[in-house]
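Trainee: Quick one: the structure is below, and I'll ask about it shortly.
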Amino acid sequence: MAYVDLNPIRAKMAATPETSDYTSIQRRICSAIEGEQPKALLPFVGNERLDMPSGLMFSVKDYIVLVEDTGCIIREDKRGAISASSQDILNRLNIPAENWLKSPLSLMYYLKVLSGRYQP
Numbered sequence: 006m007a008y009v010d011l012n013p014i015r016a017k018m019a020a021t022p023e024t025s026d027y028t029s030i031q032r033r034i035c036s037a038i039e040g041e042q043p044k045a046l047l048p049f050v051g052n053e054r055l056d057m058p059s060g061l062m063f064s065v066k067d068y069i070v071l072v073e074d075t076g077c078i079i080r081e082d083k084r085g086a087i088s089a090s091s092q093d094i095l096n097r098l099n100i101p102a103e104n105w106l107k108s109p110l111s112l113m114y115y116l117k118v119l120s121g122r123y124q125p
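For the sequence shown, the working numbering assigns the number 6 to the initial residue and increments by one for each residue that follows.
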């Protein structure tokens with residue numbers, strides 16, 4: 006998800022995640038401003054727990070922070086690094102920070118593992 010959400014930034018079609026048209030991150034940010042959950046997207050359900058509902062196992066806030074930090078690192082005109090809050094997110098998900106940005110293939114592997122398959 007994060008890799009796809011950052012495509013418009015890498016292509017210099019958008020400067021920030023919230024201005025990247027037709028992405029899930031933009032839809033999530035706009036919905037969050039309205040206090041809503043986008044109907045077409047799996048919800049973020051927070052940390053894993055016994056009564057785990059169907060959804061992504063971290064919060065929308067964590068996802069937005071992680072996408073923002075990742076975008077700052079991959080853009081040549083932006084200066085950035087994995088922040089302490091993003092490092093905490095990656096630690097909780099057992100993803101080494103160096104692997105998060107290593108390559109699109111490894112990033113897609115981690116995201117697939119995190120998001121799993123949608124089952125209605």
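Where is the CB? At the ideal position from N, CA and C, for every residue including glycine.
Quick one: Cα of residue 16 to Cα of residue 23, how far?
Mentor: 15 Å
Trainee: Can the beta-carbon of residue 72 be found closer than 7 Å to that of residue 33?
Mentor: no
Trainee: Thinking C-beta only, is residue 47 closer than 7 Å to residue 60?
Mentor: yes
Trainee: Looking at the secondary structure, which residues open and close the alpha helix (DSSP H) in which residue 7 lies?
Mentor: 7 to 10
Trainee: Taking the alpha carbon of residue 27 as the reference point, which residue from 102, 92 and 13 has its own alpha carbon closest?
Mentor: Out of 102, 92 and 13, 13 has the C-alpha closest to the C-alpha of residue 27.
Trainee: Would you mind reading off the limits of the alpha helix (DSSP H) that contains residue 93?
Mentor: 89 to 97
Trainee: If you draw a straight line from the C-alpha of residue 37 to the C-alpha of residue 104, how long is it?
Mentor: 29 Å
Trainee: Going by alpha carbons, who is nearest to residue 69 out of 20, 29, 40 and 100?
Mentor: 29
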